[in-house]
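In the working numbering, the protein residues as written are 19 to 709. Think of the CB as a built atom: it goes at the ideal place given N, C-alpha and C, for glycine as much as any other residue. Since we're looking at a predicted model, the values are computed, not measured. Have a look at the structure below before the remarks.
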């Protein structure tokens with residue numbers, strides 16, 4: 019706005035300069051050539067009449083000036099027939115004021131304009147050098163020199179700008195004086211030279227000229243008073259603005275405002291110029307409702323950069339630049355990396371965009387609501403004085419209570435919370451529980467038995483199931499769904515029986531991030547399969563964390579902000595072998611919290627049915643093994659009976675072939691044979707009964 023207004027003033031100054039040059043040439047013709055006095059006077063009268071056609075952007079009193087100049091034009095036109103004018107009187111009364119205005123005042127404007135442009139360029143160059151300061155290998159001497167350069171150039175630009183603006187404001191008064199004084203001197207010279215009588219110079223005209231002279235004196239006094247006020251204002255502003263010349267002021271003296279819903283200022287935007295190269299461009303950025311706008315120098319209006327409703331903003335490490343943050347649109351398709359000038363601007367931009375992304379600006383009192391939200395965030399992690407006492411008083415009741423049967427918790431938002439409704443917040447999350455804001459697996463730290471499974475997170479995994487030389491773990495899984503998530507934090511919880519645990523964990527983690535100014539979030543790909551949940555690095559495709567699906571006992575989305583979701587992981591073992599711990603992990607997604615919970619529920623259902631099918635298959639195999647064993651026993655018994663029958667036939671054949679034996683022997687043999695057959699029948703019956 020300031021530069022647009024300055025452009026209007028400069029356009030007005032150019033118009034004044036153009037008009038004054040024409041008027042000067044006309045009066046100079048009067049002075050130079052007495053023979054052309056009539057034509058020059060006529061041209062002057064014509065130019066005075068054309069004043070009403072001029073379009074001065076700041077011409078607030080054009081009607082008064084137009085009527086006054088029209089009256090002058092009328093008188094000058096009547097005196098256009100005069101042929102002689104005293105050159106000295108014209109030089110002193112007419113040419114001198116307008117020459118002074120043209121040579122001194124207008125050139126002063128041009129000189130100040132050039133000085134202001136040079137100061138602006140020096141300031142831009144100093145800011146660019148300051149922005150390029152390395153945050154890793156930072157030389158204190160170079161930093162001090164660059165900071166001093168920024169301070170000097172900014173102060174010079176500010177002082178030059180104020181004097182330039184003062185000269186532009188004064189020009190409006192000098193314009194009136196430069197127009198009226200030469201005309202007044204010209205008329206007085208004409209009166210004194212021609213000794214105009216009552217025929218041409220009546221008393222009414224003299225009264226008019228007297229009034230014009232009085233008006234010029236009043237304008238001059240008003241100009242002097244205004245110049246004095248502006249000089250005093252410049253001095254006050256120089257004293258008050260001295261700390262603001264520093265590019266990174268002390269945050270203790272100038273704290274960041276976290277309740278803003280509108281913000282404007284210069285930022286450096288990173289533009290990709292190649293695969294690994296990028297450039298930075300400094301532009302003016304401002305918020306307009308739920309939109310982030312930018313306007314380059316010289317543009318008439320700003321252009322849309324991004325829709326920041328429901329967007330996400332986080333601090334990022336970007337090359338050698340400090341105070342960088344990244345804005346990602348709600349659908350994750352567009353992102354922009356910007357650099358603030360100071361830490362105060364850096365924090366204010368992040369807080370403002372966070373407030374706008376929550377659509378606080380749509381309310382009647384957005385700053386009050388933002389203040390209440392931030393205050394509630396502060397109170398969320400600030401324990402009350404009786405917090406520890408209440409926690410101690412609850413311990414006997416918790417220890418003496420018999421263990422209740424665990425209910426199913428595989429639902430998302432529809433889970434029953436009656437089992438947890440009577441518990442306080444202390445029963446959900448233990449007091450003084452540490453919060454992890456980065457992806458560090460507490461399971462891999464506590465459980466030595468799972469070190470091998472956690473160690474597998476170092477190898478590459480293709481989230482789309484395509485196999486290379488080795489076979490992936492999830493190749494046989496029916497379900498493969500991939501989501502883009504950002505890790506917010508995790509903490510140990512005392513219960514895993516109700517979605518209230520997830521809601522309370524979300525509240526405490528978000529509040530802790532707001533209090534400790536933790537804006538950084540790690541983006542990952544969440545792969546949901548029938549066996550486990552995996553967090554995969556989107557750049558390297560390396561598995562960061564692996565959560566076995568049977569250990570995920572609870573999952574839910576936020577009741578209002580559907581981008582937030584979390585799940586509770588139950589782990590056995592740890593520092594105490596028989597102790598079970600529950601850890602709640604909180605993530606932010608791109609409006610896909612319910613989809614992720616539905617996908618996890620579907621994966622658990624598929625895993626449950628697969629387990630039932632496996633148990634049924636094992637039972638059927640056991641039945642088949644028993645039947646096969648019985649069939650083998652039956653076949654063995656039949657083979658024994660067949661062998662006995664064959665032996666009996668052999669004995670009978672041998673008895674019939676023995677014809678030469680005695681009768682007694684035959685009788686004995688017959689009796690013995692009958693006894694053997696009787697024994698064979700009894701053995702056969704006995705074997706059948708045993709079978």
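Query	Result
Helix, strand or coil at residue 321 according to DSSP, with G and I counted as helix	strand
Coarse secondary structure for residue 134, derived from DSSP in three states	helix
Close Cβ partners of residue 60 (< 6 Å) along its chain, the five nearest in sequence each way excluded	98
Residue range of the alpha helix (DSSP H) that includes residue 546	Residue 546 -> not in any alpha helix (DSSP H); beta strand (DSSP E) instead, spanning 540 to 546.
Residues near residue 724 by beta carbon distance below 7 Å, same chain, minus five either side	With the chain covering only 19 through 709, there is no way to say anything about residue 724.
Stretch pair the segment 250 to 260 + the segment 134 to 143: three plus CB contacts closer than 8 Å	no
Contact between the segment 640 to 657 and the segment 611 to 620 (3+ Cβ pairs under 8 Å)	no
Per DSSP, the bridge partner or partners of residue 552	545, 564
Helix, strand or coil at residue 72 [DSSP, three-state]	coil
Span of the alpha helix (DSSP H), counted from its first residue to its last, around residue 280	Unbroken run through residue 280: none, as it is neither H nor E.
Within 7 Å, strictly: CB atoms of residue 189 and residue 285	no
Residue 457 beta carbon less than 7 Å from that of residue 505	yes
Three-way DSSP call (helix, strand, coil) for residue 309 in this model	strand
Beta-carbon spacing of residue 582, residue 524 below 7 Å	yes
Spatial neighbours of residue 373 in its chain, beta-carbon cut-off 6 Å, leaving aside the 5 residues before and after	279, 388
Range covered by the beta strand (DSSP E) that runs through residue 354	353 to 357
Cβ-Cβ separation, residue 231 to residue 202 (assumed contact under 8 Å), whole Å	6 Å
Counted within 10 angstroms of its Cβ, other Cβ atoms place residue 39 as buried (16 or more) or exposed	exposed
Test item: CB-CB of residue 148 and residue 133 under 7 Å	no
Three-state class that DSSP yields for residue 377 in the structure shown	coil
Residue closest to residue 122, alpha-carbon to alpha-carbon, out of 366, 251, 35, 381	35
Whether residue 194 touches residue 237 by CB criterion (7 Å)	yes
Helix, strand or coil at residue 588 according to DSSP, with G and I counted as helix	strand
According to DSSP, residues forming a beta bridge with residue 507	604
Residue 527 to residue 187 span [Cα, whole Å]	55 Å
Residues of its chain near residue 73, where Cβ-Cβ distance is below 8 Å and the 5 sequence neighbours each way are ignored	33
Chain-order list of residues whose beta-carbon lies under 8 Å from that of residue 44 (same chain, five-residue window excluded)	58, 61, 62, 65
Distance, residue 362 Cα to residue 272 Cα	8 Å
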